[in-house]
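Novice:
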Amino acid sequence: MNPADIAGNQVSRNSVDEVVAFISSECDAAAAGLPLSYSETPEELGRITKGAALALKARTLLYAASPLFNGNPLYANVKNSDGKALFNTTYDKEKWKKAADAAKAVIDLGVYKLYSPSPENPVNNYAQLFYTREYNETILPYTFGDNNTFESNYLPNGQPYKGNGKMSVTQEMVDAYETATGYPITDPASGYTTAGSWNGQMWDGLKQANVTNISNMYKNRDPRFYASIFFQYSVWRTAVITRPVKLAWFGANGGNLSDGWPKNGTNCESGYNWRKWCSPNVDRNANTGNAARNYPIIRLAEMYLNYAEAMNEYLAAPDASVYAAINTVRKRVSMPDLPIITTDAGKDGMRKRIQNERRVEFAFENHRFWDVRRWLIAKTVDNGPVHGLNARPTQAELESTGLPTTSEAAGVAVFYKVVILQNRVFKDNHYLMPIPQSEIDRDPNLVQNYGW
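Per full-length UniProt numbering: the sequence shown = residues 1 to 452.
(1) Just to confirm, is the Cβ distance from residue 133 to residue 301 under 8 Å?
(2) Mapping DSSP to helix, strand and coil, what is residue 202?
(3) Can you tell me which of 295, 58 and 398 puts its alpha carbon nearest to the alpha carbon of residue 28?
(4) Quick check on the burial criterion: 16 or more other C-beta atoms within 10 angstroms. Buried or exposed for residue 427?
(5) What is the residue span of the beta strand (DSSP E) that residue 181 lies within?
(6) According to DSSP, is residue 254 helix, strand or coil?
(7) Can you grab the Cα-Cα spacing for the pair residue 96 / residue 61, in whole Å?
(8) Pick from 131, 205 and 50: whose alpha carbon is nearest that of residue 34?
(9) Taking C-beta to C-beta, are residue 89 and residue 72 nearer than 8 Å?
(10) How big is the Cα-Cα spacing for residue 118 and residue 124?
(11) Taking residue 298 and residue 55 to be in contact with their CB atoms under 8 Å, please state how far apart those CB atoms are, rounded to whole angstroms.
(12) So what's residue 274 in DSSP terms, helix, strand or just coil?
(13) Just confirm the distance between the C-beta atoms of residue 165 and residue 268, as a whole number of angstroms; I'd bet it's less than 8 Å.
(14) Taking contact to mean 3 or more Cβ pairs, one atom from each stretch, closer than 8 Å, check whether the region 278 to 293 and the region 76 to 86 are in contact.
(15) Per DSSP, what kind of secondary structure is residue 128 in: helix, strand or coil?
(16) Using the beta-carbon count (16 or more within 10 Å), is residue 171 buried or exposed?
(17) On the premise that residue 424 lies in contact with residue 366, defined as a C-beta separation below 8 Å, what is that separation, rounded to the nearest angstrom?
(18) Output yes or no for whether 8 Å exceeds the beta carbon distance between residue 454 and residue 177.
(19) Please go through the region 382 to 430 and give each complete alpha helix (DSSP H) segment of 4 or more residues, from N-terminal end onward.
(20) For residue 281, name the three-state secondary structure that DSSP assigns.
(21) In the DSSP assignment, find the unbroken alpha helix (DSSP H) run with residue 312 in it and report its ends.
(22) Do you know how far the Cα of residue 361 is from the Cα of residue 351?
(23) With a threshold of 7 Å on Cβ separation, who are the neighbours of residue 130 within its own chain once the five nearest residues in sequence on each side are excluded?
(24) Leaving out the 5 sequence neighbours to the left and right, which residues in its chain are closer than 7 Å to residue 45 when beta-carbon positions are compared?
(25) Does the region 321 to 341 come into contact with the region 138 to 156, if we say contact requires no fewer than three beta-carbon pairs (one atom in each stretch) closer than 8 Å?
(26) Using 8 Å as the threshold, is the C-beta distance between residue 213 and residue 192 below it?
(27) Applying the criterion that 16 or more other CB atoms from any shown protein chain within 10 Å of the CB defines a buried residue, is residue 82 buried or exposed?
(28) So residue 458 packs on residue 156, CB below 8 Å; how close in whole Å?
(29) Suppose the cutoff is 7 Å on Cβ atoms and the five residues either side in sequence are ignored; what does the same chain contact list for residue 104 look like?
(30) Measure from the alpha carbon of residue 437 to the alpha carbon of each residue in 413, 371 and 448, then state which is nearest.
(31) Below 8 Å CB to CB, which residues in the same chain sit around residue 439 once its five sequence neighbours on both sides are set aside?
(32) Go ahead and pull the three-state DSSP assignment for residue 112.
(33) Count the other CB atoms, across all protein chains shown, that sit within 10 Å of the CB of residue 259; report buried if there are 16 or more and exposed otherwise.
(34) Measure the CB-CB distance between residue 377 and residue 354 and report whether it falls below 8 Å.
(35) Applying the 10 Å Cβ sphere with the 16-neighbour rule, what's the burial state of residue 98?
(36) How big is the Cα-Cα spacing for residue 162 and residue 358?
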């Protein structure tokens with residue numbers, strides 16, 4: 001290659017603000033030429049719409065307004081060789097207003113609505129979104145053929161369920177779900193307790209089913225909890241699978257009767273499995289049925305919560321529009337309206353509420369990874385021990401119960417102890433990924449991100 005051609009391709013980095021402006025302008029230009037929907041040409045469903053382009057713009061502007069990119073002094077010295085600063089270290093409140101306006105523009109299109117197929121059943125009302133091919137709430141879907149891959153991967157790995165239990169859920173995630181009162185479990189008014197157990201009914205994916213000996217840890221929680229997580233003695237398709245989920249240690253030969261961690265080739269370590277995404281229309285025992293689902297890359301609930309977050313940050317204190325946006329999402333699962341506790345009336349308190357609402361509403365949808373980074377809280381929440389339940393007790397623990405050590409009762413007796421699963425490390429340089437050295441070798445004008 002001619003050296004002059006090489007030099008022409010060696011460009012310097014644009015600033016974050018320039019990149020955001022470019023993405024926004026491209027989304028606007030695309031939106032201008034795209035249809036609102038493909039309702040008249042159903043064979044085109046899944047293609048990019050006006051709403052998808054505007055929703056991508058809204059997400060971009062929200063990220064740009066967030067602390068990672070808006071006034072973050074950490075990146076003050078990340079500059080091109082000519083001295084051009086790539087990160088604006090001056091906080092600009094108006095970026096939040098732009099993000100709020102962009103989210104509201106999507107909402108105001110009037111072509112999307114929260115999916116609500118079973119409003120009388122808040123657990124099912126939420127759960128169906130994730131195993132149904134729907135285009136009412138989903139703004140930007142990833143479409144793929146009917147399949148039972150999710151069920152194969154995520155259902156518990158015990159014999160009746162015939163999944164692989166590949167995803168663990170941390171205790172921190174479980175604890176993020178409020179009780180049905182709307183109070184966080186750390187608030188005495190929530191009614192939360194870890195003592196004792198209860199009997200009653202629980203949605204098994206197809207109908208209400210009787211359950212027994214459920215820990216009070218899981219009593220009266222946000223309906224999204226029951227739609228999203230398998231826990232000890234929860235139930236699934238009880239017309240066929242007649243016993244509950246058993247994630248506690250149980251059985252000889254490494255706990256071989258447990259539905260949890262002990263199975264070779266599986267990954268459940270925490271005493272919790274994913275339930276979200278699993279379709280009750282799939283029968284793994286009979287090896288029949290498929291789910292016709294989309295993966296919602298962007299959905300309307302995000303636009304409501306984007307608007308709530310952006311306006312809360314823009315205003316001195318949350319106003320009626322902030323509460324209305326977040327409560328629209330909460331109403332789908334019959335959760336009480338905010339404000340509830342005194343701190344909900346202030347910016348800081350409402351920020352915590354909105355951040356937690358995103359955590360539970362978008363659980364296992366690939367939002368949390370990016371949210372904790374753009375909020376600059378990853379060094380707090382992803383740095384240190386993460387926890388689960390005692391699904392793999394020691395022999396000494398089992399013996400201390402005085403029960404047969406291979407019995408279900410012995411495993412359950414020591415199961416509800418919270419234990420450390422991992423010790424994670426998150427440093428300041430982890431907020432942004434490094435530019436690969438191979439790219440810098442090709443283009444020496446590219447400056448490396450902070451700390452790499």
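Yeah, the Cβ is synthetic: ideal placement off N, Cα and C, and Gly gets one too. All values derive from a computational prediction rather than experimental measurement.
Specialist: In terms of the structure at hand:
(1) Residue numbering aside, residue 133 sits at position 133 when the sequence shown is read from its first letter. Residue numbering aside, residue 301 sits at position 301 when the sequence shown is read from its first letter. No, these two residues do not count as a Cβ contact at 8 Å.
(2) If you number the sequence shown from 1, residue 202 lands on position 202. Three-state DSSP puts residue 202 in a strand.
(3) Taking the first residue of the sequence shown as 1, we reach residue 28 at position 28. It is 58 whose Cα lies nearest to the Cα of residue 28.
(4) Residue 427 sits at position 427 when you count from the first residue of the sequence shown. Counting the other CB atoms within 10 Å of its CB gives residue 427 a total below 16, which places it among the exposed residues.
(5) Within the sequence shown, the letter at position 181 stands for residue 181. Premise fails: residue 181 is in no beta strand (DSSP E) and is neither H nor E.
(6) Within the sequence shown, numbered from 1, the residue matching residue 254 stands at position 254. Correct three-state label for residue 254: helix.
(7) Stepping through the sequence shown from its first residue, residue 96 is reached at position 96. Stepping through the sequence shown from its first residue, residue 61 is reached at position 61. The alpha-carbon separation between residue 96 and residue 61 amounts to approximately 8 Å.
(8) As a working note, residue 34 is residue 34 in the sequence shown. The residue with the shortest Cα to Cα distance from residue 34 is 50.
(9) Sequence index remark: in the sequence shown, residue 89 carries index 89 (1-based). Sequence index remark: in the sequence shown, residue 72 carries index 72 (1-based). Yes.
(10) Numbered from its first residue, the sequence shown carries residue 118 at position 118. Numbered from its first residue, the sequence shown carries residue 124 at position 124. Those two C-alpha atoms are separated by around 6 Å.
(11) Here residue 298 refers to the residue found at position 298 when the sequence shown is read from its first residue. Here residue 55 refers to the residue found at position 55 when the sequence shown is read from its first residue. Contact flag correct, Cβ pair sits at about 5 Å.
(12) Here residue 274 is taken as the residue at index 274 of the sequence shown, counted from 1. Here residue 274 sits in strand by DSSP.
(13) By one-based count along the sequence shown, residue 165 stands at place 165. By one-based count along the sequence shown, residue 268 stands at place 268. The C-beta distance from residue 165 to residue 268 rounds to 4 Å, short enough to meet the 8 Å contact threshold.
(14) Judged by Cβ distances under 8 Å, the region 278 to 293 makes no contact with the region 76 to 86, as fewer than three pairs qualify.
(15) As a working mapping, residue 128 is identified with position 128 in the sequence shown. Helix, per DSSP.
(16) Mapped onto the sequence shown, residue 171 falls at position 171. Residue 171 comes out buried.
(17) In the sequence shown, counting from the first residue as 1, residue 366 sits at position 366. In the sequence shown, counting from the first residue as 1, residue 424 sits at position 424. Contact between residue 366 and residue 424 fails: their C-beta atoms lie close to 18 Å from each other, not under 8 Å.
(18) In the structure as shown, the chain starts at 1 and stops at 452, and residue 454 therefore has no counterpart that could be examined.
(19) Taking 4 residues as the minimum length, the alpha helix (DSSP H) runs contained wholly in the region 382 to 430 are 395 to 400 and 408 to 413, in order along the chain.
(20) Within the sequence shown, residue 281 is the residue found at index 281, counting from 1. In this structure, residue 281 counts as coil in the three-state DSSP scheme.
(21) Reading the sequence shown from its first residue, position 312 is the one you call residue 312. That run of the alpha helix (DSSP H) goes 300 to 314.
(22) Indexing the sequence shown from 1 puts residue 351 at position 351. Indexing the sequence shown from 1 puts residue 361 at position 361. Cα to Cα, residue 351 sits roughly 15 Å from residue 361.
(23) One-based indexing of the sequence shown puts residue 130 at position 130. Result list for residue 130: 276, 277 and 293, in chain order.
(24) Indexing the sequence shown from 1 puts residue 45 at position 45. Excluding residues within five positions, the ones whose Cβ falls inside 7 Å are 38 and 135.
(25) Too few Cβ pairs lie closer than 8 Å, so no.
(26) For the purposes of this step, residue 213 is identified with residue 213 of the sequence shown, where counting begins at 1. For the purposes of this step, residue 192 is identified with residue 192 of the sequence shown, where counting begins at 1. No, the Cβ-Cβ distance between residue 213 and residue 192 is not below 8 Å.
(27) Here residue 82 is taken as the residue at index 82 of the sequence shown, counted from 1. It is exposed - the Cβ of residue 82 has fewer than 16 other Cβ atoms within 10 Å.
(28) Since the displayed the chain opens at 1 and closes at 452, residue 458 lies outside it and no answer follows.
(29) Position 104 of the sequence shown, counted from the start, is the residue given in the question as residue 104. For residue 104, the CB contacts under 7 Å within the same chain, skipping 5 residues up- and downstream, are 307 in chain order.
(30) For this step, residue 437 is matched to residue 437 along the sequence shown. Among 413, 371 and 448, the Cα nearest to that of residue 437 is on 448.
(31) For the purposes of this step, residue 439 is taken as residue 439 along the sequence shown, with counting starting at 1. Hits under 8 Å: 446.
(32) Locating residue 112 in the sequence shown gives position 112, counting from the first residue. In the three-state scheme derived from DSSP, where H, G and I count as helix and E and B as strand, residue 112 is classed as coil.
(33) Start at 1 with the first residue of the sequence shown, and residue 259 comes out as number 259. The residue in question, residue 259, is buried, as its Cβ has 16 or more Cβ neighbours within 10 Å.
(34) Mapped onto the sequence shown, residue 377 falls at position 377. Mapped onto the sequence shown, residue 354 falls at position 354. Not closer than 8 Å, so no.
(35) If you number the sequence shown from 1, residue 98 lands on position 98. Taking all protein chains in view, the Cβ of residue 98 is crowded by 16 or more other Cβ atoms within 10 Å, so the residue is classified as buried.
(36) Your numbering for residue 162 matches position 162 in the sequence shown. Your numbering for residue 358 matches position 358 in the sequence shown. Looking at the two C-alpha atoms, the distance is approximately 31 Å.
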